[in-house]
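Protein chains in written order, with the numbering used here: chain A, 1 to 428; chain B, 1001 to 1428.
One structure is given below, encoded as structure tokens.
2 protein chains.
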Amino acid sequence: MLDGTTDKAAVETLMLEIGQKARAAARPLSIASPERKHAALIAMATYIIAGMDKILAANALDLENARETGMAASFIDRLTLTESRIRDMANGIRAIAELKDPIGEVIAEWDRPNGLHIERVRTPLGVIGVIYESRPNVTADAGALCLAAGNAVILRGGSDSINSSQAIHACLTRGLKDAGLPEAAIQMVPTTDRAAVGAMLSGLNGNVDVIVPRGGKSLVARVQSEARVPVFAHLEGICHLYIDKTAKLDMAVEIAVNAKMRRTGICGSAETLLVDRACASTHLKPILEALAAKGCEIRASEAVMALVPNLKAATEEDWSTEYLDAIISVALVDGIGGAIEHIARYSSNHTEAIVAEDVSAVERFFNEIDSAILLHNASTQFADGGEFGMGAEIGIATGKMHARGPVGVEQLTSFKYRVRGNGQVRPG
Amino acid sequence: MLDGTTDKAAVETLMLEIGQKARAAARPLSIASPERKHAALIAMATYIIAGMDKILAANALDLENARETGMAASFIDRLTLTESRIRDMANGIRAIAELKDPIGEVIAEWDRPNGLHIERVRTPLGVIGVIYESRPNVTADAGALCLAAGNAVILRGGSDSINSSQAIHACLTRGLKDAGLPEAAIQMVPTTDRAAVGAMLSGLNGNVDVIVPRGGKSLVARVQSEARVPVFAHLEGICHLYIDKTAKLDMAVEIAVNAKMRRTGICGSAETLLVDRACASTHLKPILEALAAKGCEIRASEAVMALVPNLKAATEEDWSTEYLDAIISVALVDGIGGAIEHIARYSSNHTEAIVAEDVSAVERFFNEIDSAILLHNASTQFADGGEFGMGAEIGIATGKMHARGPVGVEQLTSFKYRVRGNGQVRPG
Chain A
1 MLDGTTDKAA VETLMLEIGQ KARAAARPLS IASPERKHAA LIAMATYIIA GMDKILAANA
61 LDLENARETG MAASFIDRLT LTESRIRDMA NGIRAIAELK DPIGEVIAEW DRPNGLHIER
121 VRTPLGVIGV IYESRPNVTA DAGALCLAAG NAVILRGGSD SINSSQAIHA CLTRGLKDAG
181 LPEAAIQMVP TTDRAAVGAM LSGLNGNVDV IVPRGGKSLV ARVQSEARVP VFAHLEGICH
241 LYIDKTAKLD MAVEIAVNAK MRRTGICGSA ETLLVDRACA STHLKPILEA LAAKGCEIRA
301 SEAVMALVPN LKAATEEDWS TEYLDAIISV ALVDGIGGAI EHIARYSSNH TEAIVAEDVS
361 AVERFFNEID SAILLHNAST QFADGGEFGM GAEIGIATGK MHARGPVGVE QLTSFKYRVR
421 GNGQVRPG
Chain B
1001 MLDGTTDKAA VETLMLEIGQ KARAAARPLS IASPERKHAA LIAMATYIIA GMDKILAANA
1061 LDLENARETG MAASFIDRLT LTESRIRDMA NGIRAIAELK DPIGEVIAEW DRPNGLHIER
1121 VRTPLGVIGV IYESRPNVTA DAGALCLAAG NAVILRGGSD SINSSQAIHA CLTRGLKDAG
1181 LPEAAIQMVP TTDRAAVGAM LSGLNGNVDV IVPRGGKSLV ARVQSEARVP VFAHLEGICH
1241 LYIDKTAKLD MAVEIAVNAK MRRTGICGSA ETLLVDRACA STHLKPILEA LAAKGCEIRA
1301 SEAVMALVPN LKAATEEDWS TEYLDAIISV ALVDGIGGAI EHIARYSSNH TEAIVAEDVS
1361 AVERFFNEID SAILLHNAST QFADGGEFGM GAEIGIATGK MHARGPVGVE QLTSFKYRVR
1421 GNGQVRPG
């Protein structure tokens, strides 16, 4: 392993070599049979279980370093591997192994009047770059998911988890080797030098097709602003829950509590509650009381405070804040139109939900709001590839290009056209 | 109209305003009914026919300028509008008007065990930037195609055709207005200052979602290297035609002549002919003679020259040259494997064709070559959105992200998820 003192030029040379190896590996990978990819994934899971002790020992090193540098408890928690977490990791890879292989699937086909038969067929994207922080399990998740879609992957984990990630990575490459696939299909950047990230963002001379950042807002922001290749990501999830005047009160309360409080730290957690002015007298108080009873801090607009006393006032900043915590901003709006206006202004285009019985309000919500995921009478916390039935996800994207919403195996693919003729030439 | 002497800061301010107006227009456009978009397109076509004299007068100005600056005859031809070309332009818009509106189409839908019903629905991309050169008809084609997909568009035409393009653009905005759509849905950059292009490539503060360059290689190269937003384009079309030993000779001859000579200046024209060594003694000479008879210059590998005397020798550079002219490079290869290797090395991933009767050779060609379009027993010149049945196309993309191959109305869209529940909350 190279350390942080390596000079920049050496890191760039190293990264370009990694890029070339990834591109070279992508070709055999793109034509590997489903059986071979399946075998590699199953072998990886087996090696992870067999390597339990080594992985735990490597993780102990990372944890010791983290404690010495005085990292926060939440950081230590994300970094920590246990026997149970390692088993989950192996099971995650086995679940990915059982997903239907998307490569070669005919997505669409049609005939032309001249007899040409056209097929649009799924192909791998090529080389994926994954840049992540302290969670060592991303090594296994991202490596397995990219392989399942026939892509080569370059993994650049956080320096804090480098020992854990390398121990996991060793299990992945052994699995590739056993199945007769190129080990360079899943490469891990062997240096913690930050210049490696810059090199990946430059695209490594055209040898990285897409970058997926996994981590906090500052990482995603850097990747989005500096990357010279496409990025699948969301910067933040300022998710809204709108309670229409036609909402059933019980359902509204239950969904609001779940959308905000089930897990407050995930991107699909609701950050702003919008209540239709027309039902504020009946719905507002029970919802806020249920949230407060679960320990949620309420930051209220003036109109909300006029109806429910003793609340903290929301500032303008609150409407565009992703708390990722037990805090929610609350405003009244003038029906579905008001909700749409508020969301158009403040949303991060990730996920929004409406609770309503009125079909026309739901249709306006669905048609007029341009977020990746819109839900009716369901919690925003369903914004997740697993919950969508996609199996694993590598993240959620809010961009509009290529992948949008949960990014699973299918979203990590491209396509090509296969055209079958019997001698057609083009007239004219 | 601002002229080329405007200072850079003023141009940038102007462009940012154009970007904001485009983004603002994109929202009403995204929810406009199919009928309204249809009405706008039909009105545009009507105004173009009604404005024939004005458009021809504007074009005469551009032609006068071009002749004064001593432009080449091919350039003058691309720039020239005639009554018949203007009628074609109007008919092109009418054809786009009759395409099925892609927006709101449910691309996929499924149910989850918890009762959630998930739909993936087509939405507009947002704002498209189109940068083109001397062909004034791109103004109409691109404007109409972007509108049909519910997108706002910013058109930046070449300075040589600015008068023609502005006359056409005036017809488009009148059509938008008549249909009650925002005129800013189709904006034309009113300055020929080159700083306007740089501003568009920067993405105009997030107000351009994708750039489509239409023009020569140097334009596309600049756009691809400088754009900070996704680009739908192909830099070049180094298209290969492979004649397998199992090819029917008549078909091979006919397809080779059509693939190269039907039109030599289009991106789907074949630039390299690969002939299976196993059929060189029977197939090579008749194919080369047929090409030569049509006036095609042959640049041959040594092995080809050994079989057919008096040919010009190909250099290494020829294998990666897009002639866009009546020239073809010819090599012998060792069967389908050799063809795949040659194409992997030199192709621009645009379009490749195989002539063969052997199904297994065709399957290898289709599986192992990663170009946007692969054809069996058909001419490479079918690489075209119209020939694919997509109606109009805005270009052909060789990138793997989002759009690939012909870029038609459907490829100018994104999607979102609509999830319908009846009170579901997420457990755990």
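Beta carbons are placed, not taken as given, at the ideal position from N, Cα and C, and that holds for glycine.
Cβ-based burial, residue i [other Cβ within 10 Å; buried from 16]
i       : result
B:P1102 : buried
B:E1387 : buried
A:M1    : Reliability fails at A:M1, whose pLDDT of 45 lies under 50, so the model's placement of it is uncertain and no value is given.
A:S414  : buried
A:R420  : buried
B:E1133 : buried
B:D1007 : exposed
A:P427  : exposed
B:M1015 : buried
B:I1131 : buried
A:T282  : exposed
A:E271  : buried
B:N1137 : buried
B:G1004 : Interpretation of B:G1004 is limited by its pLDDT of 49, a score under 50 that renders its predicted location unreliable; no figure is taken from the coordinates.
A:P113  : exposed
A:E109  : exposed
Spatially closest choice to residue i from the options, by CA coordinates
i       : options                               : result
B:L1201 : B:K1400, B:I1154 and B:A1010          : B:I1154
A:V253  : A:A290, A:C239 and A:V231             : A:A290
B:V1407 : B:D1141, B:K1054, B:E1012 and B:R1094 : B:D1141
B:A1090 : B:A1040, B:L1273, B:E1302 and B:R1426 : B:A1040
B:T1380 : B:G1389, B:A1392, B:E1368 and B:A1353 : B:A1353
B:I1343 : B:A1009, B:L1374 and B:R1023          : B:L1374
B:H1038 : B:V1359, B:L1145 and B:I1048          : B:L1145
B:E1098 : B:G1405, B:G1389 and B:K1294          : B:G1389
A:I369  : A:R345, A:F382 and A:W319             : A:R345
A:H117  : A:V106, A:T123 and A:V127             : A:V106
A:S320  : A:N349, A:K285 and A:N310             : A:N349
A:A199  : A:V355, A:A66, A:M44 and A:G129       : A:G129
A:I31   : A:N151, A:I186 and A:V275             : A:N151
B:P1034 : B:L1181, B:A1010, B:V1127 and B:I1055 : B:L1181
Boundaries (first-last residue) of the beta strand (DSSP E) holding residue i
i       : result
A:T272  : A270 to D276
A:V212  : V210 to R214
B:D1111 : V1106 to D1111
A:T351  : T351 to V355
B:V1407 : G1405 to V1407
Residue range of the alpha helix (DSSP H) that includes residue i
i       : result
B:G1237 : Unbroken run through B:G1237: none, as it is neither H nor E.
A:A331  : Careful: A:A331 lies outside any alpha helix (DSSP H), inside the beta strand (DSSP E) at I327 to V333.
B:G1019 : K1008 to S1030
A:R87   : E83 to A97
A:Y47   : P34 to A50
B:A1196 : A1195 to S1202
B:N1114 : Where B:N1114 is concerned, there is no enclosing alpha helix (DSSP H), given that its DSSP letter is neither H nor E.
A:P169  : Note that residue 169 of chain A is His in the sequence shown here, rather than Pro. Its alpha helix (DSSP H) spans residues I162 to D178.
heavy atom of the ligand PLP below 7 Å from residue i C-beta
i       : result
B:S1164 : The ligand content of the structure shown is nil, which means the ligand PLP is not present either.
Proximal residues, the stretch 149-168 of chain A versus chain B, C-beta separation under 7 Å
none
Could you please tell me which residues of the stretch 1288-1315 of chain B, in chain order, have their CB closer than 8 Å to any CB of chain A?
Within the stretch 1288-1315 of chain B, no residue has a Cβ that lies closer than 8 Å to any Cβ of chain A.
Using a Cβ-Cβ cutoff of 8 Å, what residues of the stretch 1370-1383 of chain B are near chain A? List them in chain order.
D1370, S1371, A1372, I1373, L1374, L1375, H1376, N1377, A1378, S1379, Q1381 and F1382
Could you list the residues in the stretch 234-254 of chain A with a C-beta less than 7 Å from some C-beta on chain B, going in chain order?
Listed by position, the residues of the stretch 234-254 of chain A near chain B (Cβ gap below 7 Å) are M251 and E254.
Closer than 9 Å between beta carbons: that is the criterion. Which residues of the stretch 1184-1218 of chain B meet it against chain A?
The residues in question are D1209 and V1210.
Which residues, in order along the stretch 1411-1424 of chain B, keep a beta-carbon less than 7 Å from a beta-carbon of chain A?
S1414, F1415, K1416, Y1417, R1418, V1419, R1420, G1421, N1422, G1423 and Q1424
Evaluate the contact criterion for the stretch 314-326 of chain A versus the stretch 291-301 of chain A: three or more CB pairs, one atom per stretch, below 8 Å.
yes
Could you tell me whether the stretch 52-72 of chain A touches the stretch 164-173 of chain A, where touching means 3 or more Cβ pairs closer than 8 Å?
Counting Cβ pairs under 8 Å, three or more are found: they touch.
Would you call the stretch 1200-1216 of chain B in contact with the stretch 1079-1094 of chain B, where contact means no fewer than 3 C-beta pairs closer than 8 Å?
no
To be precise: take each residue of the stretch 72-90 of chain A, compare its Cβ to all Cβ atoms of chain B, and keep it if any distance is under 8 Å. Which residues remain?
none
Against chain B, which members of the stretch 117-138 of chain A pass a CB distance test of less than 7 Å?
I118, T123, L125 and G126
By the 8 Å beta-carbon criterion, what residues does the stretch 1386-1413 of chain B contribute toward chain A?
E1387, F1388, G1389, K1400, M1401, H1402, R1404 and G1405
Positions along the stretch 1022-1034 of chain B whose CB lies within less than 8 Å of some CB in chain A
Under the 8 Å Cβ criterion, the stretch 1022-1034 of chain B contributes R1027, S1030 and I1031.
At a cut of 8 Å, does the stretch 1356-1372 of chain B reach the stretch 1306-1319 of chain B through at least three beta carbon pairs?
Under the Cβ criterion (8 Å, minimum of three pairs), the stretch 1356-1372 of chain B does not count as touching the stretch 1306-1319 of chain B.
Scan the stretch 1256-1270 of chain B for residues whose Cβ lies nearer than 7 Å to a Cβ of chain A and list them as they occur along the chain.
N1258 and R1262
Beta carbons nearer than 7 Å to chain B: which residues of the stretch 348-360 of chain A have them?
none
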